[in-house]
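Trainee: If you read the sequences in order, they're chains A and B.
Adding 706 to a residue's 1-based position in the first sequence gives its number in the working numbering.
Adding 706 to a residue's 1-based position in the second sequence gives its number in the working numbering.
Don't be surprised by glycine CBs; every beta carbon is placed ideally from N, CA and C.
2 protein chains.
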Amino acid sequence: MLHLVQQVDASVDAPEQDERPTLAELASALGLRERKKRARREQLIDATHRLVERDGLDAVTVEAICEAAGVSVRTFFNYFESKDDAVLGHTPWPLASEAADVFAAGGPTGHLLPDLEHLVTAVLDDPPMGRSRLARALELASREPRLLAKHLAWMEQHKGQLVELVERRLGDEPGHSPDVVAAFALFLTHVTFMRWDAAGGQGRAPDHVASVVRELRSLLTD
Amino acid sequence: MLHLVQQVDASVDAPEQDERPTLAELASALGLRERKKRARREQLIDATHRLVERDGLDAVTVEAICEAAGVSVRTFFNYFESKDDAVLGHTPWPLASEAADVFAAGGPTGHLLPDLEHLVTAVLDDPPMGRSRLARALELASREPRLLAKHLAWMEQHKGQLVELVERRLGDEPGHSPDVVAAFALFLTHVTFMRWDAAGGQGRAPDHVASVVRELRSLLTD
DNA sequence: GACCGATTTGCACGGGGTGCAAAGTTGCAC
DNA sequence: GTGCAACTTTGCACCCCGTGCAAATCGGTC
Numbered sequence: 707m708l709h710l711v712q713q714v715d716a717s718v719d720a721p722e723q724d725e726r727p728t729l730a731e732l733a734s735a736l737g738l739r740e741r742k743k744r745a746r747r748e749q750l751i752d753a754t755h756r757l758v759e760r761d762g763l764d765a766v767t768v769e770a771i772c773e774a775a776g777v778s779v780r781t782f783f784n785y786f787e788s789k790d791d792a793v794l795g796h797t798p799w800p801l802a803s804e805a806a807d808v809f810a811a812g813g814p815t816g817h818l819l820p821d822l823e824h825l826v827t828a829v830l831d832d833p834p835m836g837r838s839r840l841a842r843a844l845e846l847a848s849r850e851p852r853l854l855a856k857h858l859a860w861m862e863q864h865k866g867q868l869v870e871l872v873e874r875r876l877g878d879e880p881g882h883s884p885d886v887v888a889a890f891a892l893f894l895t896h897v898t899f900m901r902w903d904a905a906g907g908q909g910r911a912p913d914h915v916a917s918v919v920r921e922l923r924s925l926l927t928d
Numbered sequence: 707m708l709h710l711v712q713q714v715d716a717s718v719d720a721p722e723q724d725e726r727p728t729l730a731e732l733a734s735a736l737g738l739r740e741r742k743k744r745a746r747r748e749q750l751i752d753a754t755h756r757l758v759e760r761d762g763l764d765a766v767t768v769e770a771i772c773e774a775a776g777v778s779v780r781t782f783f784n785y786f787e788s789k790d791d792a793v794l795g796h797t798p799w800p801l802a803s804e805a806a807d808v809f810a811a812g813g814p815t816g817h818l819l820p821d822l823e824h825l826v827t828a829v830l831d832d833p834p835m836g837r838s839r840l841a842r843a844l845e846l847a848s849r850e851p852r853l854l855a856k857h858l859a860w861m862e863q864h865k866g867q868l869v870e871l872v873e874r875r876l877g878d879e880p881g882h883s884p885d886v887v888a889a890f891a892l893f894l895t896h897v898t899f900m901r902w903d904a905a906g907g908q909g910r911a912p913d914h915v916a917s918v919v920r921e922l923r924s925l926l927t928d
């Protein structure tokens with residue numbers, strides 16, 4: 707089977723050191739089916755990254771990616787809706803998390819801005835994939851306008867949920883318009899992401915939240 | 707010629723009342739060639755809007771649009787790079803305007819935030835097409851995620867120029883990081899645009915800038 | 001090993017988008 | 001108005017993206 711060869715190849719080529727579980731128990735507890743599925747997904751993302759980095763998004767065909775990953779084209783589209791999605795590796799956002807509930811309930815500090823920072827931090831701290839893969843995805847996205855578009859659209863897609871969350875938090879007597887607060891939260895997330903990427907994708911993304919907020923505050927109140 | 711019939715058709719169907727020049731002199735000064743070109747472009751945008759409004763973006767084929775506009779498919783792609791672009795009618799941004807120079811030079815008030823407001827106002831006041839067409843484009847964009855993505859990407863594309871502009875303004879001793887200021891300007895533009903659209907696309911878009919800034923300030927400093 | 005459900009694959013197809021060269025228009029000079 | 005140069009439109013061939021469908025293959029289980 708070519709698959710196994712390619713699989714090994716991929717993990718050697720781009721070792722991820724930050725899979726949270728790391729326990730062999732979990733790996734086997736998941737079952738071969740699930741493990742294979744995840745492996746294929748990462749394998750496809752890695753192959754896509756490698757080729758796009760080398761040749762550019764438009765010069766890479768899905769066929770080429772599949773050839774590199776040892777998978778049929780049809781299978782590729784079982785995993786991703788489009789070629790672009792394979793670069794970004796987008797996954798539903800964990801907006802329904804514990805941190806979200808805390809925020810909606812008025813916590814953790816009781817002040818809107820710091821609590822927004824906490825929320826953004828929590829979201830950024832729960833990345834949809836390994837850091838190095840994520841960094842590569844953002845790296846490519848900031849080069850290829852079409853990818854950046856997809857990324858922004860993906861964030862914007864969650865705006866509805868975010869507005870809802872803010873409305874829960876603000877209650878009947880807003881004082882702020884939920885639209886603007888939600889848009890600001892997305893903005894904050896985006897800028898922080900870009901900062902993290904510009905800093906080489908090292909360390910935790912949320913480390914940049916505070917400095918971005920500080921800059922914005924001074925801009926708004928100089 | 708079917709073209710002429712369709713052309714009349716289009717202008718009756720969607721009368722634009724805010725073409726700035728309006729002078730017959732200018733129209734003829736432009737020459738038949740240029741006038742025809744612009745007419746076709748608007749004709750295609752209008753046909754696209756009509757069909758997409760009725761059937762949705764994905765259900766409308768370029769072929770159908772061209773049939774409705776009385777133009778060959780190949781010609782469509784002489785005017786727009788993609789079907790999506792025909793909805794949005796994007797055009798290079800007038801960032802190299804007088805207002806931009808004033809901003810870069812430190813004016814008009816000498817305070818960064820108000821001057822940013824002026825800049826955004828100037829940009830929003832110089833729309834790439836008639837107001838009603840623009841409103842329809844934004845309307846559709848806020849419904850179709852893919853279009854919103856394109857729109858955001860289009861704005862993001864100008865970030866480079868904007869950063870440069872901010873750098874000119876701030877000089878050697880920034881005090882603010884140009885990246886964040888530029889990103890903020892884009893954000894402000896976007897939110898204001900959405901406000902304007904949500905308000906029905908009536909009146910001048912820049913009328914909403916001040917209130918958005920006020921809200922953001924109170925959010926950042928409560 | 002035999003069965004069920006999940007996954008992969010090949011195939012056919014429609015639509016988006018481009019390069020090219022032929023045909024048609026426009027602008028201009030005489 | 002004739003003729004020419006520049007520009008635009010068009011048809012055509014072509015490649016790639018993405019999907020529906022049904023057959024084959026694989027994983028888990030008894």
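If contact is defined by three or more beta carbon pairs under 8 angstroms, each pair taking one atom from either stretch, is the region 892 to 908 of chain B in contact with the region 841 to 861 of chain B?
Mentor: Touching, per the Cβ criterion.
Trainee: Hey, which unbroken runs of the alpha helix (DSSP H) at 4 residues or more fall wholly within the region 741 to 802 of chain B?
Mentor: Within the region 741 to 802 of chain B, the complete alpha helix (DSSP H) runs of at least 4 residues are 768 to 775, 779 to 785 and 789 to 794.
Trainee: Comparing the C-beta of B/Phe783 with each C-beta of chain A, is any distance below 9 angstroms?
Mentor: Not one chain A Cβ lies under 9 angstroms of B/Phe783.
Trainee: Whole-angstrom Cβ separation of A/Ile771 and A/Phe782, contact assumed at under 8 angstroms?
Mentor: At roughly 7 angstroms, the Cβ-Cβ gap stays under 8 angstroms, so A/Ile771 and A/Phe782 are in contact.
Trainee: Out of curiosity, what's the CA-to-CA distance linking B/Thr797 and B/Arg875?
Mentor: Each residue's Cα considered, the two are about 25 angstroms apart.
Trainee: Can you look up B/Asp913 in the DSSP assignment and give me helix, strand or coil?
Mentor: Note: B/Asp913 maps to helix in three-state DSSP.
Trainee: Please state the DSSP three-state secondary structure of A/Asp831.
Mentor: Looking at A/Asp831 - three-state DSSP - the assignment turns out to be coil, as it is neither helix nor strand.
Trainee: Between A/Glu921 and chain B, is there a C-beta pair that is closer than 9 angstroms?
Mentor: True, the Cβ-Cβ gap to chain B drops below 9 angstroms.
Trainee: Measuring only the C-alpha atoms, how far is A/Val918 from B/Thr927?
Mentor: Distance between the alpha carbons of A/Val918 and B/Thr927: 14 angstroms.
Trainee: Anyone know if the C-beta pair for B/Leu801 and B/Gln867 falls short of 9 angstroms?
Mentor: Contact: yes.
Trainee: Of all Cβ atoms in chain A, is any one closer than 9 angstroms to the Cβ of B/Phe893?
Mentor: True, the Cβ-Cβ gap to chain A drops below 9 angstroms.
Trainee: For B/Pro912, would you say it is in contact with chain A, using Cβ-to-Cβ distances shorter than 9 angstroms as the test?
Mentor: Not one chain A Cβ lies under 9 angstroms of B/Pro912.
Trainee: If you compare alpha carbons, which of B/His882, B/Ser848, B/Glu862 and B/Asp913 is closest to B/Glu759?
Mentor: Measuring from the Cα of B/Glu759, the nearest candidate turns out to be B/Ser848.
Trainee: Which residues in chain B sit within 8 angstroms of A/Gln863, going by Cβ to Cβ distance?
Mentor: Ordered by position in chain B, the residues that pass the 8 angstroms Cβ test against A/Gln863 are Pro851.
Trainee: Could you tell me whether the Cβ of A/Asp752 comes closer than 9 angstroms to any Cβ of chain B?
Mentor: By this cut-off, A/Asp752 is not an interface position.
Trainee: Could you list the residues in the region 769 to 798 of chain B with a C-beta less than 7 angstroms from some C-beta on chain A, going in chain order?
Mentor: The residues in question: there are none.
Trainee: If A/Pro834 sits next to A/Gly795, beta carbons under 8 angstroms apart, how far is it from one beta carbon to the other, in whole angstroms?
Mentor: Contact flag correct, Cβ pair sits at about 7 angstroms.
Trainee: Enumerate in chain order the residues of its own chain whose CB-to-CB distance from B/Ser924 is below 6 angstroms, with the five nearest sequence positions on each side excluded.
Mentor: Within the same chain, B/Ser924 has no close Cβ partners at all.
Trainee: Flag A/His824 as yes if its beta-carbon sits less than 9 angstroms from any beta-carbon of chain B, otherwise no.
Mentor: By this cut-off, A/His824 is not an interface position.
Trainee: Could you check whether B/Ala855 and A/Ala855 sit closer than 9 angstroms to each other, using their CB atoms as the reference points?
Mentor: In contact: A/Ala855 and B/Ala855 (Cβ atoms closer than 9 angstroms).
Trainee: By Cβ distance, which residues of its chain are closer than 7 angstroms to A/Ala775, with the 5 residues on each side in sequence left out?
Mentor: Gln712, Gln749, Leu750 and Ala753, listed in sequence order.
Trainee: DSSP on A/Ser883, reduced to helix/strand/coil?
Mentor: Three-state DSSP puts A/Ser883 in coil, outside helix and strand.
Trainee: Please report how far the alpha carbon of A/Arg726 lies from the alpha carbon of B/Leu871, in whole angstroms.
Mentor: Note that A/Arg726 scores 39 on pLDDT, short of 50, meaning its location in the model is unreliable; the coordinates nonetheless yield the value given after this. About 43 angstroms.
Trainee: Indicate whether at least one CB of chain B lies closer than 9 angstroms to the CB of A/Phe890.
Mentor: Yes, A/Phe890 lies at the interface with chain B (some Cβ there is under 9 angstroms from its Cβ).
Trainee: Residues in its own chain within less than 7 angstroms of B/Leu821 by CB, not counting five upstream and five downstream?
Mentor: Leu is not the amino acid found at residue 821 of chain B; the sequence shown has Asp there. For B/Asp821, where only same-chain residues beyond five positions count, the Cβ hits under 7 angstroms are Phe809, Gly813, Pro814 and Thr815.
Trainee: Just the chain A side, please: which residues come within less than 9 angstroms of B/Lys743 by C-beta, in chain order?
Mentor: Within chain A, no residue comes near B/Lys743; the closest Cβ sits about 26 angstroms away, beyond 9 angstroms.
Trainee: With 9 angstroms set as the bound, which would you pick, yes or no: does the beta-carbon of A/Ala859 sit closer than that to a beta-carbon of chain B?
Mentor: Yes, because at least one Cβ of chain B sits closer than 9 angstroms to the Cβ of A/Ala859.
Trainee: Please report whether the beta-carbon of A/Val897 lies at a distance below 9 angstroms from any beta-carbon of chain B.
Mentor: Taking Cβ atoms only, chain B reaches closer than 9 angstroms to A/Val897, which makes this a yes.
Trainee: If you drop the 5 nearest sequence neighbours on each side, which residues of the same chain put their C-beta closer than 7 angstroms to that of B/Val779?
Mentor: Excluding residues within five positions, the ones whose Cβ falls inside 7 angstroms are Val768, Glu769 and Cys772.
Trainee: Below 6 angstroms CB to CB, which residues in the same chain sit around B/His755 once its five sequence neighbours on both sides are set aside?
Mentor: Excluding residues within five positions, the ones whose Cβ falls inside 6 angstroms are Arg842.
Trainee: Determine whether the Cβ of A/Ala811 lies closer than 9 angstroms to any Cβ atom of chain B.
Mentor: No, because no Cβ of chain B sits closer than 9 angstroms to the Cβ of A/Ala811.
Trainee: Which term fits A/Ala730, buried or exposed, when burial requires 16 or more other beta carbons within 10 angstroms of its beta carbon?
Mentor: Interpretation of A/Ala730 is limited by its pLDDT of 41, a score under 50 that renders its predicted location unreliable; the figure taken from the coordinates is listed afterwards. A/Ala730 comes out exposed.
Trainee: Nearest-angstrom Cα distance between A/Trp902 and A/His914?
Mentor: Answer to the nearest angstrom: the Cα atoms are 7 angstroms apart.
Trainee: Between A/Phe893 and B/Phe893, how many whole angstroms is the CB-CB distance? I'm expecting something under 8 angstroms.
Mentor: The Cβ separation is near 5 angstroms, so the contact holds.
Trainee: With burial defined as no fewer than 16 other Cβ atoms inside 10 Å of the residue's Cβ, what is the status of B/Ala911: buried or exposed?
Mentor: Buried, by the Cβ-count rule.
Trainee: What residues of chain A sit near B/Ala802, judged by a beta carbon separation below 8 angstroms?
Mentor: What B/Ala802 touches in chain A: nothing, since even the nearest Cβ is about 20 angstroms away.
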